[in-house]
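Q: Encoded as structure tokens, here's the structure I'll be asking about.
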Amino acid sequence: MGHVSPVGVGIVSVRDIQRQIAMVLPNARSAGAEGTLELASQHKDEPRIKTATLIEGSLMRAFHVGESDAAHFVAFLDGKQRSHVVSYLGSKTLSVGVAAAVVRERCESRLCTWKSAVCEWRVYAPRILIQDSEWTALSLLYGSSLVDTSADVKTGSAHPFALRDATVKRVNEHRDELERQLAEQWCTTQLQPLFLDGGIRSSRIVAESPWAVGVIKSHNTLYVEGGAFETVMGLGVRERSSVFRIESRTRPAVASWYLRMRNAMNRDPMWGLVRVEVALLAGPKMSRRADDVSRWILAEASPLALPDGRWDKMVYGVRDCEEYLRALGL
Amino acid sequence: MPTPLGRVVATERRPNTPHEFHFWTALVSPVGIGTIVRVDGSVANDGVITHVYGIVTEGFSWTDLASPLHDVMGHDANPGGSGAPTNRAEIRLYTAAVLRHIPEEPLQPVPMGEVHLADENDISIALRMDGYQASAGIPVGVYRAGGTDSPIYLDSDFLLGPEAAHLNISGVSGLATKTSAVEWLLQSIFTHFPAEKGSVAALCFNVKGPDLCFLDLPGEIGEADEKLYEQCGVTPKPFEHVQYYAPYKSDGVALNTLRSNEALLANVTPLTWGLREVLQYAEVLLNKDDIDAKADALIDFIKENVLDKRFSDPLLERQHQVTSFADLDAWFKDVLRGLEKKDDQSWRTHHVATIRKVRNRLSNISLRCKGLVADDGATSDLPFGSFQDRTVYVLDVAGLEEDAQDLIFARVVTKLREHLEKRDLGVQHVIVFVDELNKYAPGDGPDTYVRKMLLDIAERGRYLGLVLFAAQQFRSQVHRRVVGNSGTAIYGRMDGDELATPGYAVLSPAIKTKLATLEKGQLMVRHPHFTQPIFVRFPRPAVMRGRDGVSKYPSAQAPTLLSAVLRTLRQADPSLTIGWLEDVTALASDDEILRARNDMVRTRPTDVRKAFASHFRAAIAPRSATRTEVTAPLPSAPADDPYGF
Numbered sequence: 001m002g003h004v005s006p007v008g009v010g011i012v013s014v015r016d017i018q019r020q021i022a023m024v025l026p027n028a029r030s031a032g033a034e035g036t037l038e039l040a041s042q043h044k045d046e047p048r049i050k051t052a053t054l055i056e057g058s059l060m061r062a063f064h065v066g067e068s069d070a071a072h073f074v075a076f077l078d079g080k081q082r083s084h085v086v087s088y089l090g091s092k093t094l095s096v097g098v099a100a101a102v103v104r105e106r107c108e109s110r111l112c113t114w115k116s117a118v119c120e121w122r123v124y125a126p127r128i129l130i131q132d133s134e135w136t137a138l139s140l141l142y143g144s145s146l147v148d149t150s151a152d153v154k155t156g157s158a159h160p161f162a163l164r165d166a167t168v169k170r171v172n173e174h175r176d177e178l179e180r181q182l183a184e185q186w187c188t189t190q191l192q193p194l195f196l197d198g199g200i201r202s203s204r205i206v207a208e209s210p211w212a213v214g215v216i217k218s219h220n221t222l223y224v225e226g227g228a229f230e231t232v233m234g235l236g237v238r239e240r241s242s243v244f245r246i247e248s249r250t251r252p253a254v255a256s257w258y259l260r261m262r263n264a265m266n267r268d269p270m271w272g273l274v275r276v277e278v279a280l281l282a283g284p285k286m287s288r289r290a291d292d293v294s295r296w297i298l299a300e301a302s303p304l305a306l307p308d309g310r311w312d313k314m315v316y317g318v319r320d321c322e323e324y325l326r327a328l329g330l
Numbered sequence: 001m002p003t004p005l006g007r008v009v010a011t012e013r014r015p016n017t018p019h020e021f022h023f024w025t026a027l028v029s030p031v032g033i034g035t036i037v038r039v040d041g042s043v044a045n046d047g048v049i050t051h052v053y054g055i056v057t058e059g060f061s062w063t064d065l066a067s068p069l070h071d072v073m074g075h076d077a078n079p080g081g082s083g084a085p086t087n088r089a090e091i092r093l094y095t096a097a098v099l100r101h102i103p104e105e106p107l108q109p110v111p112m113g114e115v116h117l118a119d120e121n122d123i124s125i126a127l128r129m130d131g132y133q134a135s136a137g138i139p140v141g142v143y144r145a146g147g148t149d150s151p152i153y154l155d156s157d158f159l160l161g162p163e164a165a166h167l168n169i170s171g172v173s174g175l176a177t178k179t180s181a182v183e184w185l186l187q188s189i190f191t192h193f194p195a196e197k198g199s200v201a202a203l204c205f206n207v208k209g210p211d212l213c214f215l216d217l218p219g220e221i222g223e224a225d226e227k228l229y230e231q232c233g234v235t236p237k238p239f240e241h242v243q244y245y246a247p248y249k250s251d252g253v254a255l256n257t258l259r260s261n262e263a264l265l266a267n268v269t270p271l272t273w274g275l276r277e278v279l280q281y282a283e284v285l286l287n288k289d290d291i292d293a294k295a296d297a298l299i300d301f302i303k304e305n306v307l308d309k310r311f312s313d314p315l316l317e318r319q320h321q322v323t324s325f326a327d328l329d330a331w332f333k334d335v336l337r338g339l340e341k342k343d344d345q346s347w348r349t350h351h352v353a354t355i356r357k358v359r360n361r362l363s364n365i366s367l368r369c370k371g372l373v374a375d376d377g378a379t380s381d382l383p384f385g386s387f388q389d390r391t392v393y394v395l396d397v398a399g400l401e402e403d404a405q406d407l408i409f410a411r412v413v414t415k416l417r418e419h420l421e422k423r424d425l426g427v428q429h430v431i432v433f434v435d436e437l438n439k440y441a442p443g444d445g446p447d448t449y450v451r452k453m454l455l456d457i458a459e460r461g462r463y464l465g466l467v468l469f470a471a472q473q474f475r476s477q478v479h480r481r482v483v484g485n486s487g488t489a490i491y492g493r494m495d496g497d498e499l500a501t502p503g504y505a506v507l508s509p510a511i512k513t514k515l516a517t518l519e520k521g522q523l524m525v526r527h528p529h530f531t532q533p534i535f536v537r538f539p540r541p542a543v544m545r546g547r548d549g550v551s552k553y554p555s556a557q558a559p560t561l562l563s564a565v566l567r568t569l570r571q572a573d574p575s576l577t578i579g580w581l582e583d584v585t586a587l588a589s590d591d592e593i594l595r596a597r598n599d600m601v602r603t604r605p606t607d608v609r610k611a612f613a614s615h616f617r618a619a620i621a622p623r624s625a626t627r628t629e630v631t632a633p634l635p636s637a638p639a640d641d642p643y644g645f
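For the record, the sequence lines run as chains A and B. Here my numbering is used: position 58 in the first sequence is 58, and no number is missing along the way. Here my numbering is used: position 600 in the second sequence is 600, and no number is missing along the way.
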């Protein structure tokens, strides 16, 4: 009896998956050691500008949020994903994707895992491009863990890159799902502030919870334009923008604002700039809430999240979540 | 199941081997350098779960910082401006050296598994003490870590022979390590050395200060020490049987020892040797420039033909019986006078220059070792042949010249060896404790007789039961064969320079750091059964410390000749008085009085009063002169008296 060490992606062994597929699909070719699909993917959100309604005054302004408060966040939530091609059926790829999320709770200045991290893997295959018998065999083997990546494919001969991007997108959705589950658990059981890496609109429970604070580091989607854009880009350190409301038909509305965490002098105007999402509050309470939450976030500016390249916008708690998930093999 | 305190980890860069492994612990844990741990393998090998015992030899700690500069930036270059709500992720990683695998075969790299603090039973297994602890274990101290208190035992067969033997102690001076450790260990040996393995005595050379001068007097020990004594099964009391030996000072009157207080003299015996004892070891005192082949031949001739024999020769004016330095000098004078008379240059193949040279050198001995060597041939010696079990014999040579120390060491050790070879010493094992090995057995320098003796003990003593307990400050500067033959080695606090020498290369930097900062009462022990050095605590010896003894029992003032002699005689007959002694010695010279005293010490007569008095001429009671009554004569008649007849 030898050791069985997972090879490849965290909790799942790529070789095990390859062996299983080879058992049921003898014509499948195992893939060699290749990089993750995330690295190779062309999939990126298109830069865009969306409109948002100001709920704090009538003009976009900059507000100094005051000196840092004591730390108020009790925990940090982040997720991570990773996907690999495991086998080929002709020219079609079968992939495995692992998604995970974790809440790291602060206990006496040290971070530890709240409950336990969630980590799941799924097998991804393009349903309409492979034979029915092959899909059936895979379905019998993996059941609900088998995911069709061809839902977005219009024709029977999709571009392989499109299929790869579709896989990455599905894994990303899986990761969002896990993050949402954990965030909802927290918001329904814990009555303390949670720092989420990313938006909070994917769940109504979270979006309406007074305990969830989402911090978005990427700015592919901007909610300001014109003079408001200039105001936001000109925010000084420890300054926030006016609060605005983000809403859509499919997702709950939240309050949001921009916050400059670090001095961007002589740097890219988006350096150290984050967007914050919290549940909506009525009237002047929102302004106070924005100031409070901004100070809480600024209190997390130390220690630095270096050596992560996004350290200007990332807080240490989120980096810790990523490091924790990396330790799991992600 | 107790909670594990760590987990074994291994990476390609830092793999585990059969002799070393790595594990991490929580930030707060009882693990430190020297802690003994147990690894429980997680996978059964052939149905058996592997247990590995190790001792922590190195520790590492780091955070997720990629560069120290990141921390500077995080604090805006202000060291005091922390206030960060979260502490960085941090690791405590330890490296442990393997002490033992169970099962021992097949010997494989240490498996992944949980790491537990070793309990008393684990320590016994880890150090292989389970094989001898009950039957032949000598407690050397108590291992203490994380709430585990466990006595550590040395195997008496490997401490006192015959399997291995000898003990070497290193440590900087003045930290109560070397001498205290030996005193403690002797107490432990005397308590635990199994009777079926024979009897054991200790012979300690007190080469400096009063360290060993009060071994029979109680010292102060604290509660913590009492607990250590209890754990080691040793009663905290001074040595019951101690005999002190010290030569006289050069005046031949007072003993040359710091244990000269009258209250302590009951077990102090003078050490004096005569010509016979000294001439056997002449080469100790005479260096190679003194002793060439010709001189050596003459000394051999004297030993063979002159010493203790009636010697006559046509050249000599009279017959000689040489038993003392004084006799020998008279013999030399006679020989040289004879040669001068005959105007000859040689006698019995010995050139006159050689004879003069040997006379000069040998006569010098009694001057250089005055106090130890008696001109009159009187001898008071160690009780060779009647050594007692569990007794400490202390030879106080601290106040002697180097030559005299060498002579004492050489002769005593040789005598011990001779008696042990003949099995008539009185005990089966003798521990010889010598401090300042840097001086007596240096790694470089001249090949002295004393160093040869020490090498001989170290290499062959264990077969005889002659065991060397040696101490020094710099182990690296002691002869390699002396330290190399020591089965057991003890280290107290060490000097940094000493630790930088190649002999300590096998120790990890952390162990070296610990050695350089060891507190009083802590030791590192190496023993044949232990695959790695172990740190232990030992109790303060329950004997009076030298400096306490000196202040409590100050040395006696330089006594007058008679009071010194009376002090000696009173040990045999307390009824003697100074008045009696003055009467007996009224007409005697100082030399005659000393000779008589030496004779008493040597012969130990039952009737001291009579025996001592017999050395002196009887003093005749003084009588007052009286004038005889003489009748006044009649005036005579003048010659020209006209009326006379």
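Backbone N, C-alpha and C fix where the C-beta goes; we use that ideal spot for every residue, glycine too. In this text, all values refer to a predicted model and were calculated from it rather than measured experimentally.
For the segment 42–68 of chain B, enumerate the residues whose C-beta is nearer than 8 Å to any C-beta of chain A, in chain order.
A: Within the segment 42–68 of chain B, the residues whose Cβ lies closer than 8 Å to some Cβ of chain A are 43, 64, 65, 66 and 67, listed in chain order.
Q: Check distances from the C-beta atoms of the segment 289–311 of chain A to those of chain B and list, in chain order, the residues that come in under 9 Å.
A: Taking 9 Å as the Cβ-Cβ cut-off against chain B, the residues of the segment 289–311 of chain A that qualify are 299, 300, 301, 302, 303, 304, 306, 307 and 311.
Q: Label residue 316 of chain A either buried or exposed according to how many other C-beta atoms from any shown protein chain fall within 10 Å of its C-beta, with 16 as the threshold for buried.
A: Within the first sequence, the letter at position 316 stands for residue 316 of chain A. When all chains shown are included, residue 316 of chain A counts as buried.
Q: Could you tell me which whole beta strand (DSSP E) segments of length 3 or greater appear in the segment 134–210 of chain A?
A: Those beta strand (DSSP E) runs which fall completely within the segment 134–210 of chain A and span 3+ residues are 146–148 and 194–197.
Q: Could you give the distance in angstroms between the alpha-carbon of residue 10 of chain A and the alpha-carbon of residue 38 of chain A?
A: Residue numbering aside, residue 10 of chain A sits at position 10 when the first sequence is read from its first letter. Residue numbering aside, residue 38 of chain A sits at position 38 when the first sequence is read from its first letter. Because residue 10 of chain A sits at a pLDDT of 48, beneath the cut-off of 50, its placement in the model cannot be relied upon, and the following sentence gives the value as read from the coordinates. The alpha-carbon atoms of residue 10 of chain A and residue 38 of chain A are separated by roughly 15 Å.
Q: Between residue 86 of chain B and chain E, is there a C-beta pair that is closer than 7 Å?
A: Reference to chain E is not applicable here, since the protein chains of this structure are A and B.
Q: Could you work out which residues of chain B lie near residue 317 of chain A, taking near to mean beta carbons separated by less than 7 Å?
A: Within the first sequence, residue 317 of chain A is the residue found at index 317, counting from 1. What residue 317 of chain A touches in chain B: 86.
Q: What runs of the alpha helix (DSSP H), each 4 residues or longer, lie entirely inside the segment 42–82 of chain B?
A: Entirely contained in the segment 42–82 of chain B, the alpha helix (DSSP H) runs reaching 4 residues are, in chain order, 68–74.
Q: Does DSSP put residue 449 of chain B in a helix, in a strand, or in coil?
A: Position 449 of the second sequence, counted from the first residue, corresponds to residue 449 of chain B. Looking at residue 449 of chain B - three-state DSSP - the assignment turns out to be helix.
Q: Starting from the Cα of residue 22 of chain B, find the closest Cα among B/29, B/7, B/28 and B/32 and give me that residue.
A: Translated into positions along the second sequence, residue 22 of chain B becomes position 22. Comparing Cα-Cα distances from residue 22 of chain B to each of B/29, B/7, B/28 and B/32, the minimum goes to B/7.
Q: Buried or exposed for residue 584 of chain B, please, with buried defined as at least 16 other CB atoms from any protein chain shown within 10 angstroms of its CB.
A: As a first step, residue 584 of chain B must be located in the second sequence, where it is residue number 584. Buried.
Q: Output, in chain order, the set of chain A residues within a Cβ distance shorter than 9 Å of residue 77 of chain B.
A: To locate residue 77 of chain B, count along the second sequence from 1; it is residue 77. Near residue 77 of chain B there are no residues of chain A at all, since even the closest Cβ is about 13 Å away, more than 9 Å.
Q: Of all the options A/265, A/216, A/220 and A/223, which has the alpha carbon lying nearest to the alpha carbon of residue 234 of chain A?
A: Position 234 of the first sequence holds residue 234 of chain A. With distances taken between Cα atoms, residue 234 of chain A lies closest to A/265.
Q: Where DSSP assigns a beta bridge to residue 107 of chain A, which residues make up the other side?
A: For the purposes of this step, residue 107 of chain A is taken as the residue at position 107 of the first sequence. According to DSSP, which records beta bridges pairwise, residue 107 of chain A is partnered with A/110.
Q: Flag this pair as yes or no: are the beta carbons of residue 479 of chain B and residue 445 of chain B separated by less than 7 Å?
A: Your numbering for residue 479 of chain B matches position 479 in the second sequence. Your numbering for residue 445 of chain B matches position 445 in the second sequence. No, these two residues do not count as a Cβ contact at 7 Å.
Q: Would you grab the beta carbon distance between residue 192 of chain B and residue 98 of chain B for me? Rounded to a whole angstrom, and I think it's under 8 Å.
A: The sequence position of residue 192 of chain B within the second sequence is 192, counting from 1. The sequence position of residue 98 of chain B within the second sequence is 98, counting from 1. That pair is no contact at about 29 Å.
Q: Can you give me the C-alpha to C-alpha distance between residue 16 of chain A and residue 163 of chain B, rounded to a whole angstrom?
A: Here residue 16 of chain A refers to the residue found at position 16 of the first sequence. Here residue 163 of chain B refers to the residue found at position 163 of the second sequence. For residue 16 of chain A and residue 163 of chain B, the distance between alpha carbons rounds to 57 Å.
Q: Please report the straight-line C-alpha distance between residue 223 of chain B and residue 44 of chain B, rounded to a whole angstrom.
A: Stepping through the second sequence from its first residue, residue 223 of chain B is reached at position 223. Stepping through the second sequence from its first residue, residue 44 of chain B is reached at position 44. So the two alpha carbons sit approximately 46 Å from each other.
Q: Which residues of chain A have a Cβ atom closer than 9 Å to the Cβ of residue 70 of chain B, listed in chain order?
A: Along the second sequence, read from residue 1 onward, the residue named residue 70 of chain B stands at position 70. Residues of chain A passing the Cβ test: 303, 304, 306, 307 and 311.
Q: CB-CB under 6 Å to residue 657 of chain B, same chain, minus the five flanking residues each way: which ones, in chain order?
A: The requested residue 657 of chain B is not part of the displayed model; chain B covers only 1 to 645.
Q: Whose Cβ in chain B lies nearer than 8 Å to the Cβ of residue 71 of chain A?
A: For this step, residue 71 of chain A is matched to residue 71 along the first sequence. Simply 85 and 86.
Q: To the nearest angstrom, how far is it from the Cα of residue 326 of chain A to the Cα of residue 243 of chain A?
A: Position 326 of the first sequence, counted from the first residue, corresponds to residue 326 of chain A. Position 243 of the first sequence, counted from the first residue, corresponds to residue 243 of chain A. Between residue 326 of chain A and residue 243 of chain A, the C-alpha separation is close to 35 Å.
Q: Can the beta-carbon of residue 648 of chain B be found less than 7 Å from the beta-carbon of residue 427 of chain B?
A: Chain B is shown from 1 up to 645; residue 648 of chain B falls before or after that span and cannot be answered.
Q: In the DSSP assignment, what are the bridge partners of residue 260 of chain B?
A: Position 260 of the second sequence holds residue 260 of chain B. Answer is none; residue 260 of chain B lacks a bridge partner.
Q: Report buried or exposed for residue 344 of chain B, applying the criterion of at least 16 other Cβ atoms within 10 angstroms of its Cβ.
A: Position 344 of the second sequence, counted from the first residue, corresponds to residue 344 of chain B. Exposed.
Q: For residue 111 of chain A, go through chain B and note every residue whose CB falls closer than 8 Å to its CB, in chain order.
A: Position 111 of the first sequence, counted from the start, is the residue given in the question as residue 111 of chain A. Within chain B, the residues near residue 111 of chain A are 86 and 89.
Q: Please determine if the segment 569–589 of chain B and the segment 551–558 of chain B are in contact, where contact requires at least 3 C-beta pairs separated by less than 8 Å.
A: They do not touch, by the three-pair rule.
Q: Just checking, does the segment 123–140 of chain B make contact with the segment 178–197 of chain B on the three C-beta pairs under 8 Å criterion?
A: Flag = yes, the segment 123–140 of chain B and the segment 178–197 of chain B touch.
Q: Applying the criterion that 16 or more other CB atoms from any shown protein chain within 10 Å of the CB defines a buried residue, is residue 553 of chain B buried or exposed?
A: Here residue 553 of chain B refers to the residue found at position 553 of the second sequence. The residue is buried, with at least 16 neighbouring Cβ atoms inside 10 Å.
Q: Put residue 223 of chain A into one of helix, strand or coil per three-state DSSP.
A: Start at 1 with the first residue of the first sequence, and residue 223 of chain A comes out as number 223. Coil at residue 223 of chain A, not helix or strand.
Q: Between the segment 28–42 of chain B and chain A, which residues of the former have CB atoms less than 7 Å from a CB of the latter, in chain order?
A: Per Cβ criterion, the list is empty.
Q: Please name the residue or residues paired with residue 404 of chain B in a DSSP beta bridge.
A: In the second sequence, the residue the question calls residue 404 of chain B occupies position 404. Beta-bridge pairing links residue 404 of chain B to no other residue.
Q: Please check if any C-beta of chain A sits within less than 7 Å of the C-beta of residue 74 of chain B.
A: On the second sequence, position 74 is the one that residue 74 of chain B refers to. Closer than 7 Å: yes.
Q: Could you give the first and the last residue of the continuous beta strand (DSSP E) run that contains residue 90 of chain B?
A: To locate residue 90 of chain B, count along the second sequence from 1; it is residue 90. Its beta strand (DSSP E) spans residues 90–102.
Q: Along chain B, in chain order, which residues have C-beta atoms closer than 9 Å to that of residue 323 of chain A?
A: To locate residue 323 of chain A, count along the first sequence from 1; it is residue 323. Those within 9 Å of residue 323 of chain A in chain B are 64 and 89.
Q: Hey, out of A/181, A/131 and A/79, whose CA is closest to residue 100 of chain A's CA?
A: In the first sequence, counting from the first residue as 1, residue 100 of chain A sits at position 100. With distances taken between Cα atoms, residue 100 of chain A lies closest to A/79.
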